[in-house]
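Undergrad:
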Amino acid sequence: MRTATSDPSSLLLSPPPSRQQAAMAARVGLVTCLPLCAQVRGRFLDSLHRHLSSPGTAILKREEPPAGSAEPGLQEKSNNKTFSEVQKERREQAQRSILISCPKKVPEKKLLKHLCQHGEITNHFFFESFGIHAVIEFSKKESIASLQDATFIPRGETEFPIPFKSRFFHLNLKNPSNQTSDGMLVQCSNQSSPLNADLIQTLCNAESVEGQIITLMRTLQITEENIRLRYLSCSLIEDIAAAYFPSCTIKPFGSSVNSFGKLGCDLDMFLDLDDIGKNSATKTAGPFLMEYQVKSVPSERWATQKILAVIGECLDNFGPGCVSVQKILHARCPLVRFSHQASGFQCDLTANNRIAMKSSELLYIYGSLDSRVRALVFSVRCWARQHALTSSIPGAWLTNFSLTIMVIFFLQKRSPPVLPSLDYLKNLADARDKCIIEGNDCTFVSNLDRIKPSENTETLDILLCQFFEYFGNFSFNKNSINIRKGKEQNKPDSSPVYIQNPFEPALNISRNVNESQLERFVHLARESAWILQEDKGRSSKSSSHPWGLAALLQPSVSNKSKAKKPGRGPTGPCLRGK
Ligand code: GTP
Ligand code: MG
3 MRTATSDPSS LLLSPPPSRQ QAAMAARVGL VTCLPLCAQV RGRFLDSLHR HLSSPGTAIL
63 KREEPPAGSA EPGLQEKSNN KTFSEVQKER REQAQRSILI SCPKKVPEKK LLKHLCQHGE
123 ITNHFFFESF GIHAVIEFSK KESIASLQDA TFIPRGETEF PIPFKSRFFH LNLKNPSNQT
183 SDGMLVQCSN QSSPLNADLI QTLCNAESVE GQIITLMRTL QITEENIRLR YLSCSLIEDI
243 AAAYFPSCTI KPFGSSVNSF GKLGCDLDMF LDLDDIGKNS ATKTAGPFLM EYQVKSVPSE
303 RWATQKILAV IGECLDNFGP GCVSVQKILH ARCPLVRFSH QASGFQCDLT ANNRIAMKSS
363 ELLYIYGSLD SRVRALVFSV RCWARQHALT SSIPGAWLTN FSLTIMVIFF LQKRSPPVLP
423 SLDYLKNLAD ARDKCIIEGN DCTFVSNLDR IKPSENTETL DILLCQFFEY FGNFSFNKNS
483 INIRKGKEQN KPDSSPVYIQ NPFEPALNIS RNVNESQLER FVHLARESAW ILQEDKGRSS
543 KSSSHPWGLA ALLQPSVSNK SKAKKPGRGP TGPCLRGK
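End of the sequence shown sits at 580 in my numbering; the numbers just go up one at a time, nothing left out.
#1: Is N514 closer than 9 Å to A398 when the C-beta atoms are compared?
#2: Compute the Euclidean distance between the alpha carbons of L466 and L378, then round it to the nearest angstrom.
#3: Take the Cβ of H547 as the centre, count every other Cβ of all protein chains shown within 10 Å, and call the residue buried at 16 or more, exposed below.
#4: For F412, which residues of its own chain have a beta-carbon under 6 Å away from its beta-carbon, when the five flanking residues on both sides are left out?
#5: Give a yes or no on whether 9 Å exceeds the smallest Cβ distance from F476 to chain C.
#6: State the DSSP-derived secondary structure class of I438, mapped to helix, strand or coil.
#7: Closest to Q97 by C-alpha separation, out of D241, A344 and L351, would be which residue?
#8: What's the gap between the Cα of F128 and the Cα of R230?
#9: Taking the alpha carbon of F85 as the reference point, which residue from H135, F247, K308 and S261 has its own alpha carbon closest?
#10: Using the Cβ count rule (16 or more neighbours within 10 Å means buried), how would you classify L273?
#11: Secondary structure at Q388, three-state DSSP: helix, strand or coil?
#12: For N82 and D451, what's the separation of their Cα atoms in angstroms?
#13: Taking a contact to mean a Cβ-Cβ separation below 9 Å, would you say S614 touches I485 in this structure?
#14: With distance defined between alpha-carbon atoms, name the residue in H172, V137 and E159 nearest to T153.
#15: Put R339 into one of helix, strand or coil per three-state DSSP.
#16: Can you check DSSP and say which residues form a bridge with D274?
#17: In angstroms, rounded to a whole number, what distance separates the CA positions of W549 and I202?
#18: Within 10 Å of its beta-carbon, does K329 have 16 or more other beta-carbons around it, so buried, or fewer, so exposed?
#19: My parser needs the beta strand (DSSP E) runs of 3 or more residues fully inside the segment 288-316; what are they?
#20: Rounded to a whole number of angstroms, what is the C-alpha to C-alpha distance between S145 and T251?
#21: Nearest by alpha-carbon distance to L371: which of Q535, F347 and V420 is it?
#22: When the Cα atoms are used, what is the spatial distance from E490 to N479?
#23: Give me the Cα-Cα distance between L427 and V108, rounded to the nearest whole angstrom.
#24: Kindly provide the chain-ordered list of residues whose Cβ lies closer than 5 Å to any non-hydrogen atom of the ligand GTP.
#25: For L552, collect the residues of the same chain with a Cβ closer than 6 Å to its Cβ; drop the 5 residues on either side in sequence, then sort them by chain order.
#26: State yes or no: is the C-beta of L534 within less than 9 Å of the C-beta of L554?
#27: From the DSSP output, in three-state form, read off K112 for me.
#28: What is the rounded straight-line gap between the Cα of L36 and the Cα of N125?
#29: Using C-beta distances below 8 Å, list every residue in its chain close to C384, excluding the 5 sequence neighbours before and after it, in chain order.
#30: Does the distance from the C-beta atom of Q414 to that of G474 stay below 9 Å?
#31: What residue from A136, V137, K167 and P163 has the CA that sits closest to Y147's CA?
#32: May I ask which residues mark the beginning and end of the alpha helix (DSSP H) holding L534?
#33: Using a threshold of 9 Å, state whether the C-beta atoms of G346 and S131 are closer than that.
#34: Can you name the residues that DSSP bridges to I100?
#35: Closest to L2 by C-alpha separation, out of Q150, I239, I215 and D151, would be which residue?
#36: To the nearest angstrom, how far is the alpha carbon of M292 from that of S237?
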């Protein structure tokens, strides 16, 4: 007879119980990652080794380290998959995965043994967000159906459960007292970024500014597990949307996939209904053309609003773990905003937003071309956030997207250039890369192997200082920033900052920025260039106070050179949030 603790059936799975709506944890602490058997473990570690060095770029990566780079992980070559191939692979992985809310003390081995009854597990990890959660990846989708068959809908005494059978489960221990004596309970180690002071101290201990820049990126970048969780969260929401639109897909975009994501950044989701149309377009054989009988509305925007309204309702009423659902349908880009409590992500679901998806791919390509790009973008984004030049609240300030385009533009302007222009990437495109969205040409090469590596060998120390120097003296009053040409051009209007939208040339992505925010940016950029010049050649050995990048991230930076006190900007600068 098996004892209760060794019996896999002593674990009960049910969909998670309803929880009180609460403010979202911006961060997710990841706990352990132990594959099942040696063979599986080998396979898993192999793939982890491939992916971990630069999680943002995941499977696709063609970063060449600059001379003297202190980032050994960035020197690995990968198999150069395209952005779409990476997305496809990740999405497929997510479709074979489930999310389980676990009790505080969960016997890991027993849980895995229990789940193995339904099929082989290829990967798993635990993380903490409103309690312990596990992500379990099966090798086959069928295992999930088998598990769902063996799962109860919970019975509440005072509340009535909505019997929605999702891939998000709740694990109960049949005999909690016996189970906790098990020595293999998961250890929770929070993997969130260190507090400001700790991080500043770590940076101060670095050997060079370049070392500081790389340390900052490594500390703040989203991890392999965090990426998996982002794709899984999209996949869980896709299950809900698919109840209405069976062939729809929900894909992550923005900083979750463009390789510039920081731990705690939001999860931008794109509801893609176009694939449904594509499937039916191929069924034209025979003398008749069959069409679906559908309802029509006067515009695409109207259709998007209606679809998002319904999906928003579904998320609110049936979506396990989805709380604080807001339907923001009259925005320029209609969206449903909600918190996915279990994963800890703040989610923005949009539809009909293909250009943003294409922008994410473009940033991903730029981030993959040269290891200095991501490192520089992380430093600049973090610097801007620390000085309240950016915020998670919309307003008259620069966005992370605008800042990233500014870094790309700056790197195109170096001599020799670190990055090519978008027109150059367009010229390298082949027929499969051709992409026109709403009349806009969004074509560029997807195969990284076709892009010639840069001959520029400048170090990150120089590039960071030069970035501040460049934008501290940029003629914002006269010139616009144009990454398509890789050249500044005359400003077509009087906006304080004009950054041409790479795919919609008539639009300015920074039209929201006002004069006073620009002034603050320019002022801080000049001051930061000055501090880096002053700290040239310094290292941890020669400094007893914050130096280099650590000095730039100090709130006191603006007092150092008696700067005009900035006006009231966005609130809550913090290294940990987005
Ligand atoms: P975070 O601040 O880390 O979330 O960065 P992000 O790049 O994800 O930015 P955000 O969530 O604001 O926007 C998501 C994506 O939408 C961006 O990466 C862009 O691809 C796109 N996007 C954002 N703002 C604009 C804009 O003003 N114009 C265009 N064309 N696309 C935008
Ligand atoms: Mg985002």
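Think of the CB as a built atom: it goes at the ideal place given N, C-alpha and C, for glycine as much as any other residue.
TA: According to the structure data:
#1: Locating residue 398 in the sequence shown gives position 396, counting from the first residue. Locating residue 514 in the sequence shown gives position 512, counting from the first residue. In this structure, N514 lies closer than 9 Å to A398 by Cβ.
#2: Within the sequence shown, numbered from 1, the residue matching residue 466 stands at position 464. Within the sequence shown, numbered from 1, the residue matching residue 378 stands at position 376. L466 and L378: Cα-Cα distance of roughly 7 Å.
#3: For the purposes of this step, residue 547 is taken as residue 545 along the sequence shown, with counting starting at 1. Its Cβ having fewer than 16 others within 10 Å, H547 is exposed.
#4: The residue you call residue 412 lines up with position 410 of the sequence shown. Excluding sequence neighbours, F412 sits near F469 and Y472.
#5: Any reference to chain C falls outside this structure, which holds one protein chain only.
#6: As a first step, residue 438 is located in the sequence shown; it is residue number 436 there, counting from the start. Strand.
#7: Within the sequence shown, residue 97 is the residue found at index 95, counting from 1. Looking from the CA of Q97, the closest CA among D241, A344 and L351 belongs to D241.
#8: Sequence index remark: in the sequence shown, residue 128 carries index 126 (1-based). Sequence index remark: in the sequence shown, residue 230 carries index 228 (1-based). The alpha-carbon atoms of F128 and R230 are separated by roughly 12 Å.
#9: Within the sequence shown, numbered from 1, the residue matching residue 85 stands at position 83. Restricting attention to H135, F247, K308 and S261, the CA atom closest to the CA of F85 is found in S261.
#10: Taking the sequence shown and counting its residues from 1, the one referred to as residue 273 is at position 271. Classification of L273: buried, given that the 10 Å Cβ count is 16 or more.
#11: Counted from its first residue, the sequence shown places residue 388 at position 386. DSSP places Q388 in the helix class (H, G or I) of the three-state scheme.
#12: Position 80 of the sequence shown, counted from the start, is the residue given in the question as residue 82. Position 449 of the sequence shown, counted from the start, is the residue given in the question as residue 451. If you draw a straight line from the Cα of N82 to the Cα of D451, it is about 7 Å long.
#13: Not covered by the structure: residue 614. The range shown for the chain is 3 to 580.
#14: Residue 153 sits at position 151 when you count from the first residue of the sequence shown. Looking at the Cα atoms, H172 is the closest of the given residues.
#15: Along the sequence shown, one-based indexing puts residue 339 at 337. Three-state result, R339: strand.
#16: For the purposes of this step, residue 274 is taken as the residue at position 272 of the sequence shown. Its beta-bridge partners are T251.
#17: Residue mapping note: residue 549 aligns to position 547 of the sequence shown, counting from 1. Residue mapping note: residue 202 aligns to position 200 of the sequence shown, counting from 1. So the alpha carbons of these two residues sit roughly 10 Å apart.
#18: Translated into the one-based positions of the sequence shown, residue 329 becomes position 327. K329 is buried by the Cβ-count criterion.
#19: Complete beta strand (DSSP E) runs here, min 3: none at all.
#20: Position 143 of the sequence shown holds residue 145. Position 249 of the sequence shown holds residue 251. Whole-angstrom Cα-Cα distance: 21 Å.
#21: Residue numbering aside, residue 371 sits at position 369 when the sequence shown is read from its first letter. Taking only the C-alpha atoms, the option nearest L371 is V420.
#22: Indexing the sequence shown from 1 puts residue 490 at position 488. Indexing the sequence shown from 1 puts residue 479 at position 477. Cα to Cα, E490 sits roughly 12 Å from N479.
#23: The sequence position of residue 427 within the sequence shown is 425, counting from 1. The sequence position of residue 108 within the sequence shown is 106, counting from 1. Going by the C-alpha atoms only, they are around 50 Å apart.
#24: Checking every Cβ against the heavy atoms of the ligand GTP under 5 Å gives G256, S257, C267, D268, D270, A358, S361, S362, N402, F403, N503, I511 and K580.
#25: What you label residue 552 is simply residue 550 of the sequence shown in a count that begins at 1. Correcting the residue type first, residue 552 is Ala in the shown sequence and not Leu. Around A552: I202, L205 and C206.
#26: Stepping through the sequence shown from its first residue, residue 534 is reached at position 532. Stepping through the sequence shown from its first residue, residue 554 is reached at position 552. With respect to L554, L534 sits close: the two C-beta atoms are nearer than 9 Å.
#27: Along the sequence shown, one-based indexing puts residue 112 at 110. If DSSP states are grouped into helix, strand and coil, K112 belongs with the helices.
#28: Working through the sequence shown from its first residue, we reach residue 36 at position 34. Working through the sequence shown from its first residue, we reach residue 125 at position 123. For L36, the predicted structure reports a pLDDT of 36, less than 50, and the residue's modelled location is therefore unreliable. The matter cannot be settled from this model.
#29: Here residue 384 refers to the residue found at position 382 when the sequence shown is read from its first residue. If you ignore the 5 residues before and after C384, its C-beta comes within less than 8 Å of the C-beta of L218, L222, K264, L555 and L577, all in its own chain and listed in chain order.
#30: Translated into the one-based positions of the sequence shown, residue 414 becomes position 412. Translated into the one-based positions of the sequence shown, residue 474 becomes position 472. In terms of Cβ geometry, Q414 and G474 do not form a close pair [threshold 9 Å].
#31: As a position in the sequence shown, residue 147 is number 145, starting the count at 1. The sequence shown places Ala at residue 147, rather than the Tyr named in the question. K167 is the residue among A136, V137, K167 and P163 whose C-alpha sits nearest the C-alpha of A147.
#32: Within the sequence shown, numbered from 1, the residue matching residue 534 stands at position 532. First-last of the alpha helix (DSSP H) with L534: E517 to E536.
#33: Here residue 346 refers to the residue found at position 344 when the sequence shown is read from its first residue. Here residue 131 refers to the residue found at position 129 when the sequence shown is read from its first residue. In this structure, S131 lies closer than 9 Å to G346 by Cβ.
#34: Residue mapping note: residue 100 aligns to position 98 of the sequence shown, counting from 1. According to DSSP, which records beta bridges pairwise, I100 is partnered with I138.
#35: The requested residue 2 is not part of the displayed model; the chain covers only 3 to 580.
#36: Mapped onto the sequence shown, residue 292 falls at position 290. Mapped onto the sequence shown, residue 237 falls at position 235. Roughly 31 Å separates the two Cα atoms.
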